[in-house]
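Remarks on the structure that follows.
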Amino acid sequence: MIMFQACGHFDGMMGFIMEFAENLILRLMEDPKERDRKFREHLYELKDKCKKTKEMWSLPLRPYGFWTFERHNAQIFWDSQISQVPGRRDPYDDLLQDHASGSSSK
């Protein structure tokens, strides 16, 4: 190091290294305007996809009354295992059954 300072090559060598490092770093860095443009495009694409998804969600999957058609409910009435599960069973049947069992135990 002392020898480079004495010869005057150290300053020139360090200047070259610093300039090379600076250029390398600047080349590796993104251009902020380009980065902002890409991000803005990404956001606009995402916004369009979200808008399209919301529009699709607002549409009904089946027309009104589709699941009340007789062909869909026929199996429920035919199959006793399906027709007697909670949520499918008529709540009035439960009341009648409770009333009948309550009056017979008296």
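Counting from 1, one number per residue, gives the positions in the sequence shown under the UniProt record's numbering. Where is the CB? At the ideal position from N, CA and C, for every residue including glycine.
Could you give the DSSP three-state label for residue i: helix, strand or coil?
i, result
"Pro86", "coil"
"Asp31", "coil"
"Leu59", "coil"
To which residues of the same chain is residue i closer than 7 Å at the C-beta, ignoring the five residues directly before and after it?
i, result
"Glu45", "none"
"Arg62", "none"
CA-CA distance, residue i and residue j?
i, j, result
"Leu96", "Asp90", "10 Å"
"Cys50", "Met56", "10 Å"
"Glu22", "Met29", "11 Å"
So, does the CB of residue i fall closer than 9 Å to a CB anywhere in chain C?
i, result
"Leu59", "Protein chain content of the structure displayed is limited to a single chain, and chain C is not contained in it."
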